[in-house]
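Asker:
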Amino acid sequence: MHSSDKIVAFAGGVGGAKLAYGLYHTVPPENLTLIVNTGDDFEHLGLHISPDLDTVMYTLADLANPQTGWGVRAESWGMMSALTRYSGPSWFNLGDQDMATHLLRTLGLRQGHSLQWVTQDLCQRLAIRCAILPMSNQPIRTMVQTDDGELAFQHYFVEQRAQPIVTGLRFAGAESAELTPEVVAAIEQANLIIFCPSNPMLSIAPILAVPKLRSLIQASRAPKIGVSPIVGGQAIKGPAAKMMRELNLDVSPVGVARYLAEVVTVWVIDEADAVYALPLHELGWEVLVTATMMHQAADKIRLANEILAF
Ligand code: FO1
């Protein structure tokens, strides 16, 4: 890695944001571009909510709630308690500080600005110095097909607590969505492409559903390094392992590698999964075995450094 190298990292929810934080504190921010999933976005109480963009933005701004990973730290819930007084919808918790983000994003979109412009504006106001890009300005909505029928992502993930059995996924709107020019430029200029340890089905697959993105990544000569979100047969956080079982994918780094086979050429797996290094090699992937669990800031920065050194 040279200090002038341009890095693109694909990130989704909490796990992805942790490595994004590590990269942000490792390389010059002008050399780092984060491309973030918007498949979790939805309209709620008249507001446009972009959970993964907010999780990455809050994480880099040191505002993220350390317990939940989403929303803002030291949050207050006055708006929610007032909403409950009216028996309004309370299944999706919106903190008082978090509300400012949703209000300004919704206002910006209503004024005709793109999601990319609004995101960049919010990030600049939080003094974030690297680029955080939505994968597209057009809506793509992850729809989760379950044994109870098709659910919009937040209804599956939050309202139903990811309990329904998943039989398939659909990324509604993908076919008419376009890559933003910023995303295209970042990938074309990248010397290194990283897939952060996010849920492959819910955070990475929606990004890859944007037409032309897969071929753009495949055309790049940059190394494409994935960090396994499955460690020791478990997801670090969230329903990834449960979903992989339900979708008959092997709940292991090999299962993840097969799911992302078209775009990842190198896998970073945890020491707990060292036994998978040989099978991954035999299937054609280069492998780095290291400690991938990120509990403290130091872990995030160390992992970022090891990936860059590799
Ligand atoms: N996740 C929950 O499990 N419960 C919530 O009430 C909740 C509220 C919420 C508000 C804003 C936001 O940006 C994220 C929020 N999340 C909540 C997480 C959200 O479901 C994300 O989509 C997940 O982090 C997966 O990426």
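Read in numbering that gives the first Met the number 0, the sequence shown has 300 at position 301, and its numbers run on one by one without any break. Every residue gets a Cβ at the ideal spot worked out from N, C-alpha and C, and that includes glycine.
Val265 bridges to which residues according to DSSP?
Answerer: Answer by DSSP bridge pairing, in chain order: Ile224, Glu285.
Asker: How should Leu102 be labelled, buried or exposed, when 16 other C-beta atoms within 10 angstroms of its C-beta is the threshold for buried?
Answerer: Leu102 is exposed by the Cβ-count criterion.
Asker: Does the Cβ-Cβ distance between Leu191 and Ala221 come in under 8 Å?
Answerer: Yes. Within cutoff.
Asker: Count the other CB atoms within 10 Å of the CB of Arg198; is the residue buried (16 or more) or exposed (fewer)?
Answerer: Looking at the sequence itself, residue 198 is Asn, so the reference to Arg does not match. It is buried - the Cβ of Asn198 has at least 16 other Cβ atoms within 10 Å.
Asker: Pull up the CB-CB distance for Thr145 and Pro205, whole angstroms please, since I reckon it's below 8 Å.
Answerer: About 17 Å; that fails the 8 Å criterion.
Asker: Verify whether the separation of the beta carbon atoms of Asp316 and Asn64 is less than 8 Å.
Answerer: A query on residue 316 cannot be resolved here, the shown segment of the chain reaching from 0 to 309 and no further.
Asker: Compute the Euclidean distance between the alpha carbons of Asp97 and Pro278, then round it to the nearest angstrom.
Answerer: For Asp97 and Pro278, the distance between alpha carbons rounds to 44 Å.
Asker: In whole angstroms, what is the alpha-carbon distance linking Ile6 and Leu22?
Answerer: Rounded to whole angstroms, Ile6 to Leu22 spans 9 Å at the Cα level.
Asker: Run the CB neighbour count on Arg84, radius 10 Å, all protein chains shown included, and call it buried at 16 or more, exposed below.
Answerer: By the 10 Å Cβ count, Arg84 comes out exposed.
Asker: Over the uninterrupted alpha helix (DSSP H) stretch that includes Gly21, give me the two end residues.
Answerer: First-last of the alpha helix (DSSP H) with Gly21: 13-23.
Asker: Unbroken alpha helix (DSSP H) runs of length 4 or more, entirely within the segment 89-116: which are they?
Answerer: As far as the segment 89-116 is concerned, its whole alpha helix (DSSP H) runs of at least 4 residues are 95-109.
Asker: Cα separation between Asn92 and His280?
Answerer: The straight-line gap from Cα to Cα measures roughly 44 Å.
Asker: Could you compute how far the alpha carbon of Leu215 sits from the alpha carbon of Val183?
Answerer: Their Cα atoms are separated by approximately 8 Å.
Asker: Count the CB pairs spanning the segment 63-83 and the segment 24-31 that are closer than 8 Å, and state whether there are at least three.
Answerer: Because the criterion of three Cβ pairs below 8 Å is not met, the segment 63-83 and the segment 24-31 do not touch.
Asker: Assuming Cys129 and Met56 form a contact by the criterion Cβ under 8 Å, report the distance between their Cβ atoms to the nearest whole angstrom.
Answerer: With a Cβ gap of about 11 Å, Cys129 and Met56 do not count as contacting.
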